[in-house]
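Q:
2 protein chains.
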Amino acid sequence: MTLPLRIGLAGLGTVGAGVIRLLADNADLIGRRAGRGLVVTAVSARDRGRDRGVDLSGIDWVDDATELAGRDDVDVVVELIGGSDGPALTLARRTLGGGKALVTANKAMIAHHGKELAGLAETGDVALRYEAAVAGGIPVIKALSEGAAANRVSRVYGLLNGTCNYILTRMEAEGLDFATVLAAAQAAGYAEADPSFDIDGIDTAHKLAILAALAFGTAPAFDAVATQGIRAIDKVDIDHAAALGFRIKLVGLAEMVDGKLFQRVHPALLALGHPLAATAGALNGVVIEADPVGRLFLEGRGAGEGPTASAVVADLIDIARGNTALPFGMPIADWATLAPADRDSRQGRYYLRLTVADRPGVLAELAAALRDHGVSIESLIQRPSQADASAIVVMVTHLTEEAALLASLAQMAASPSVNGAPVMMHILDL
Amino acid sequence: MTLPLRIGLAGLGTVGAGVIRLLADNADLIGRRAGRGLVVTAVSARDRGRDRGVDLSGIDWVDDATELAGRDDVDVVVELIGGSDGPALTLARRTLGGGKALVTANKAMIAHHGKELAGLAETGDVALRYEAAVAGGIPVIKALSEGAAANRVSRVYGLLNGTCNYILTRMEAEGLDFATVLAAAQAAGYAEADPSFDIDGIDTAHKLAILAALAFGTAPAFDAVATQGIRAIDKVDIDHAAALGFRIKLVGLAEMVDGKLFQRVHPALLALGHPLAATAGALNGVVIEADPVGRLFLEGRGAGEGPTASAVVADLIDIARGNTALPFGMPIADWATLAPADRDSRQGRYYLRLTVADRPGVLAELAAALRDHGVSIESLIQRPSQADASAIVVMVTHLTEEAALLASLAQMAASPSVNGAPVMMHILDL
Numbered sequence: 240m241t242l243p244l245r246i247g248l249a250g251l252g253t254v255g256a257g258v259i260r261l262l263a264d265n266a267d268l269i270g271r272r273a274g275r276g277l278v279v280t281a282v283s284a285r286d287r288g289r290d291r292g293v294d295l296s297g298i299d300w301v302d303d304a305t306e307l308a309g310r311d312d313v314d315v316v317v318e319l320i321g322g323s324d325g326p327a328l329t330l331a332r333r334t335l336g337g338g339k340a341l342v343t344a345n346k347a348m349i350a351h352h353g354k355e356l357a358g359l360a361e362t363g364d365v366a367l368r369y370e371a372a373v374a375g376g377i378p379v380i381k382a383l384s385e386g387a388a389a390n391r392v393s394r395v396y397g398l399l400n401g402t403c404n405y406i407l408t409r410m411e412a413e414g415l416d417f418a419t420v421l422a423a424a425q426a427a428g429y430a431e432a433d434p435s436f437d438i439d440g441i442d443t444a445h446k447l448a449i450l451a452a453l454a455f456g457t458a459p460a461f462d463a464v465a466t467q468g469i470r471a472i473d474k475v476d477i478d479h480a481a482a483l484g485f486r487i488k489l490v491g492l493a494e495m496v497d498g499k500l501f502q503r504v505h506p507a508l509l510a511l512g513h514p515l516a517a518t519a520g521a522l523n524g525v526v527i528e529a530d531p532v533g534r535l536f537l538e539g540r541g542a543g544e545g546p547t548a549s550a551v552v553a554d555l556i557d558i559a560r561g562n563t564a565l566p567f568g569m570p571i572a573d574w575a576t577l578a579p580a581d582r583d584s585r586q587g588r589y590y591l592r593l594t595v596a597d598r599p600g601v602l603a604e605l606a607a608a609l610r611d612h613g614v615s616i617e618s619l620i621q622r623p624s625q626a627d628a629s630a631i632v633v634m635v636t637h638l639t640e641e642a643a644l645l646a647s648l649a650q651m652a653a654s655p656s657v658n659g660a661p662v663m664m665h666i667l668d669l
Numbered sequence: 240m241t242l243p244l245r246i247g248l249a250g251l252g253t254v255g256a257g258v259i260r261l262l263a264d265n266a267d268l269i270g271r272r273a274g275r276g277l278v279v280t281a282v283s284a285r286d287r288g289r290d291r292g293v294d295l296s297g298i299d300w301v302d303d304a305t306e307l308a309g310r311d312d313v314d315v316v317v318e319l320i321g322g323s324d325g326p327a328l329t330l331a332r333r334t335l336g337g338g339k340a341l342v343t344a345n346k347a348m349i350a351h352h353g354k355e356l357a358g359l360a361e362t363g364d365v366a367l368r369y370e371a372a373v374a375g376g377i378p379v380i381k382a383l384s385e386g387a388a389a390n391r392v393s394r395v396y397g398l399l400n401g402t403c404n405y406i407l408t409r410m411e412a413e414g415l416d417f418a419t420v421l422a423a424a425q426a427a428g429y430a431e432a433d434p435s436f437d438i439d440g441i442d443t444a445h446k447l448a449i450l451a452a453l454a455f456g457t458a459p460a461f462d463a464v465a466t467q468g469i470r471a472i473d474k475v476d477i478d479h480a481a482a483l484g485f486r487i488k489l490v491g492l493a494e495m496v497d498g499k500l501f502q503r504v505h506p507a508l509l510a511l512g513h514p515l516a517a518t519a520g521a522l523n524g525v526v527i528e529a530d531p532v533g534r535l536f537l538e539g540r541g542a543g544e545g546p547t548a549s550a551v552v553a554d555l556i557d558i559a560r561g562n563t564a565l566p567f568g569m570p571i572a573d574w575a576t577l578a579p580a581d582r583d584s585r586q587g588r589y590y591l592r593l594t595v596a597d598r599p600g601v602l603a604e605l606a607a608a609l610r611d612h613g614v615s616i617e618s619l620i621q622r623p624s625q626a627d628a629s630a631i632v633v634m635v636t637h638l639t640e641e642a643a644l645l646a647s648l649a650q651m652a653a654s655p656s657v658n659g660a661p662v663m664m665h666i667l668d669l
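Protein sequence lines, in the order shown, are assigned to chains W and H. FYI, the numbering for the first sequence is 240 to 669, going by my numbering. FYI, the numbering for the second sequence is 240 to 669, going by my numbering.
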């Protein structure tokens with residue numbers, strides 16, 4: 240009889256309690272699939288007294304989570320504390336450095352310290368697994384590092400933040416503005432009290448950096464991700480995008496351009512026929528474009544107790560089985576150092592929205608700003624603003640270099656006829 | 240330095256040549272991800288003289304494929320001969336029985352002999368992998384057996400045959416009839432000269448039996464799959480389905496019903512908002528419904544050289560890494576014996592199409608046949624046939640037991656007013 244895999248669990252929030260519950264609820268099934276039992280021997284969390292609705296009897300309580308790394312009755316530590324640094328990182332370093340396996344759902348930590356932690360895992364010949372860190376219950380880490388292991392990935396992109404997708408979906412479905420839906424999402428528990436990690440795109444950027452590292456065999460580089468969130472999106476943008484045959488989504492995208500790595504998180508327009516355009520509500524979706532497999536699309540629940548616990552326990556089962564894949568699918572020594580791709584020369588179509596004074600000559604001024612930088616317009620809509628005496632101008636450009644577009648925008652923004660910052664979004668013709 | 244994994248490859252058709260090509264093209268990348276080289280040492284195929292556009296120099300040629308199982312310079316055999324029995328099965332038995340790993344793309348063999356082969360693999364403690372057998376490049380075997388390993392699966396279903404999906408997509412997009420599109424598909428190489436394996440649903444049933452075995456921890460049972468193909472689908476069905484908000488797809492579906500296993504392949508109506516309704520052309524799509532992960536959706540290319548080779552080589556990389564998962568995710572001793580679920584008591588909505596004589600009283604006769612068995616109608620369209628003096632009647636039922644619906648249909652079919660066999664399709668409200 241094989242010995243059980245003994246787990247030390249740090250963090251008993253929604254996901255931590257969910258892992259305990261899943262290990263108990265599906266214990267028989269998990270044991271059969273893992274080839275051995277999975278037993279939580281010790282836990283650590285901030286508040287010992289809180290009732291989490293799960294049975295902790297027979298499990299040792301440890302006040303200092305970092306002690307889990309040193310316990311003789313722990314084979315693998317599950318880190319669900321969160322935060323890129325602090326106690327989570329200390330625990331991760333001690334666990335891997337001490338020769339124990341680590342499973343984590345901590346996207347910020349992997350995005351910022353993935354290389355160091357992968358190095359510790361490699362040196363100690365122990366597992367570092369983080370399926371739950373990206374896209375919750377969707378096994379996208381496994382799909383990239385194992386399922387598509389024989390492929391040369393050219394592009395990976397997707398909707399990686401359920402909160403943003405929920406907000407954008409409700410804005411469109413109910414014709415509501417951003418602030419109203421955000422408040423409703425906060426009230427319903429779909430958005431944090433401080434929502435900036437989600438709505439400013441930081442969470443998506445963490446996840447994208449991890450996917451890019453896996454896809455392209457390089458270190459996760461969060462700082463190289465150009466990140467823009469969804470605060471500036473107005474319902475008029477959603478309406479105009481729809482009228483033009485598009486839907487606005489917060490997209491994280493990484494791709495290779497002439498041997499350089501391009502990474503960006505941004506609200507973008509996707510054609511209604513694109514699979515990600517149909518990824519609605521709190522769902523996540525990921526597209527992998529690779530040779531020779533072609534385009535793979537994966538969709539599922541990206542957050543919450545069940546999906547995240549599913550991913551954490553899948554990692555534990557892999558470790559119990561002895562699956563020996565390296566943390567990022569290949570040894571660090573084989574990682575490429577990839578320069579960031581130049582944004583200025585990037586070609587694309589753009590959606591622009593400006594609020595302008597409703598008087599003669601303004602349109603000519605906008606047209607001149609575009610002409611001066613060689614940007615040509617595919618379609619244009621001007622209509623009076625609902626709110627005041629200004630006018631709203633929405634434009635879609637033909638293919639143009641990003642630098643030219645930005646120069647045009649700067650010229651327009653400097654005009655006294657233009658009120659507020661112009662809104663610019665990328666059209667992803669993928 | 241780790242020794243390379245030495246491969247004996249049987250079958251040099253499109254996929255076999257694709258595997259050789261992929262191993263050569265992406266050799267560096269594959270070596271980094273596998274942690275060792277993957278080297279083909281011996282091949283076997285029918286016609287030694289044929290030019291397959293790949294470099295076979297330095298690879299031993301073996302006339303009898305079964306000899307690959309006994310070669311000292313082969314660690315793993317890749318079986319790409321095809322066919323549920325015959326040389327493929329002989330080779331598989333000898334390979335696994337002789338203590339070597341086996342990778343195969345052979346859905347028919349796994350669907351029919353999966354239990355025996357998994358037993359041989361388990362006894363010999365060697366790998367048996369078949370990612371390429373289901374849904375081509377989509378890593379759905381891995382998603383079920385590893386990614387969702389902690390979950391209790393309730394249902395797995397999808398579009399598993401690219402030929403059928405291609406035909407149905409073109410019938411809808413171009414308003415063509417089945418025979419015309421089939422002939423075009425054959426001319427373009429998308430359908431076999433003898434297309435019955437595809438269009439009669441047998442290929443889908445093979446794949447479904449494999450997915451069901453993995454999902455529910457039981458032996459693949461091809462004979463338990465109720466199978467119906469797409470020959471009877473007329474363009475009037477596609478038009479009417481569209482008018483009602485549905486798209487017709489050939490769906491393989493397996494689910495647990497009161498502890499029993501239901502498995503069926505059938506043309507079915509899916510609401511246009513369902514992700515599988517958007518899975519177009521030769522693409523495959525699979526939905527996994529499981530607790531606690533929820534609904535996972537995977538889409539990609541289900542056949543062809545690139546996607547299939549991608550899956551075969553992913554299996555080889557797993558073996559090279561020492562990934563030890565059992566062939567069906569758990570030991571045979573733990574498999575459940577699942578009785579087939581009763582079809583008669585199954586509840587569902589149905590689409591019916593009848594061609595009837597255009598004379599008074601016929602509609603009353605049809606209505607009586609439904610009333611006599613307690614089937615109630617949600618909507619009905621009658622219109623004159625384009626072809627002759629008959630009329631076409633299309634009906635959608637409310638939820639009803641399958642037995643009652645079939646009894647109604649039998650009563651209608653027996654009427655002299657009804658011409659030809661009534662067409663009945665399930666509406667999948669999933």
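Built from N, CA and C at the ideal position, the CB exists for glycine as well.
1. Quick one: which chain H residues come within Cβ less than 7 Å of residue 416 of chain W?
2. Are the beta-carbon atoms belonging to residue 629 of chain H and residue 594 of chain H less than 8 Å from one another?
3. Using a Cβ-Cβ distance under 8 Å, would residue 393 of chain W count as near chain H?
4. Taking residue 505 of chain H as the reference, which of H:411, H:472 and H:600 has the closest Cα?
5. Return no unless some Cβ of chain H is closer than 8 Å to the Cβ of residue 569 of chain W.
6. Does the distance from the CB of residue 389 of chain W to the CB of residue 500 of chain W come in under 8 Å?
7. Going straight from the alpha carbon of residue 575 of chain W to that of residue 518 of chain H, what length do you get?
8. Considering only C-alpha positions, which residue in the set H:288, H:264, H:306 and H:267 is nearest to residue 280 of chain H?
9. For residue 288 of chain W, does the three-state DSSP call read helix, strand or coil?
10. Applying the 10 Å Cβ sphere with the 16-neighbour rule, what's the burial state of residue 638 of chain H?
11. If the criterion is Cβ atoms closer than 8 Å, does the pair residue 402 of chain W and residue 372 of chain W meet it?
12. In the DSSP assignment, find the unbroken alpha helix (DSSP H) run with residue 558 of chain W in it and report its ends.
13. Is the stretch 554-573 of chain H touching the stretch 475-485 of chain H in the sense that three or more CB pairs, one from each, lie closer than 8 Å?
14. Against residue 386 of chain W, what residues of chain H qualify as contacts under a CB-to-CB distance less than 7 Å, listed in chain order?
15. My understanding is that residue 539 of chain H touches residue 455 of chain W, with C-beta atoms under 8 Å, so please give their C-beta distance in whole angstroms.
16. Which value, in whole angstroms, describes the spacing of the CA atoms of residue 466 of chain W and residue 663 of chain W?
17. When you compare each of W:552, W:530 and W:458 to residue 261 of chain H by their alpha carbons, which one comes out closest?
18. I need the boundaries of the alpha helix (DSSP H) containing residue 651 of chain W, first residue and last residue.
19. Output needed in chain order: residues of the stretch 240-257 of chain W with a Cβ under 7 Å from some Cβ in chain H.
20. Answer with buried or exposed for residue 284 of chain W, where buried requires no fewer than 16 other C-beta atoms within 10 angstroms of its C-beta.
21. Identify the contact partners of residue 265 of chain H in chain W, using a Cβ-Cβ distance below 9 Å as the criterion.
22. Quick check: what's the CA-CA separation for residue 273 of chain H versus residue 491 of chain W?
23. For residue 245 of chain W, I'd like the list of residues in its chain whose CB is within less than 6 Å of its CB, leaving aside the five on either flank, ordered along the chain.
24. Just the Cα atoms here: how many angstroms apart are residue 470 of chain W and residue 330 of chain W?
25. Assuming the contact rule is C-beta atoms closer than 8 Å, residue 440 of chain H and residue 489 of chain H should be a hit. Round their C-beta distance to whole Å, please.
26. Can you find a CB in chain W that lies within less than 8 Å of the CB of residue 562 of chain H?
27. Can residue 256 of chain H and residue 297 of chain H be called in contact, C-beta distance under 8 Å?
28. Going by other Cβ atoms of all chains shown within 10 Å of its Cβ, with 16 needed for buried, is residue 286 of chain W buried or exposed?
29. In angstroms with no decimal places, state the Cα-to-Cα distance between residue 644 of chain H and residue 612 of chain H.
30. If you measure beta-carbon to beta-carbon, which residues of the stretch 355-369 of chain H are closer than 8 Å to chain W?
31. Return the first residue and the last residue of the beta strand (DSSP E) that residue 499 of chain H is part of.
32. Would a C-beta distance cut-off of 8 Å place residue 589 of chain H and residue 666 of chain H closer than the cut-off?
33. Which two residues bound the contiguous beta strand (DSSP E) that contains residue 617 of chain W?
34. So, for residue 319 of chain W: in the same chain, excluding its five sequence neighbours on each side, which residues have a beta-carbon less than 6 Å away from its beta-carbon?
35. DSSP on residue 396 of chain W, reduced to helix/strand/coil?
36. Could one say the Cβ of residue 449 of chain W lies closer than 8 Å to chain H's Cβ atoms, at least one of them?
A: Taking the definition as stated:
1. Under the 7 Å cutoff, chain H gives no residues; its nearest Cβ is about 25 Å from residue 416 of chain W.
2. yes
3. no
4. H:472
5. yes
6. no
7. 35 Å
8. H:306
9. coil
10. exposed
11. no
12. 544-560
13. no
14. 378, 381 and 553
15. At roughly 20 Å, the Cβ-Cβ gap does not stay under 8 Å, so residue 539 of chain H and residue 455 of chain W are not in contact.
16. 14 Å
17. W:530
18. 641-652
19. none
20. buried
21. 389, 390, 391, 530 and 531
22. 28 Å
23. 278, 280, 312, 313 and 314
24. 35 Å
25. 6 Å
26. yes
27. no
28. exposed
29. 7 Å
30. none
31. 499-510
32. yes
33. 616-623
34. 250, 254, 255 and 344
35. strand
36. no
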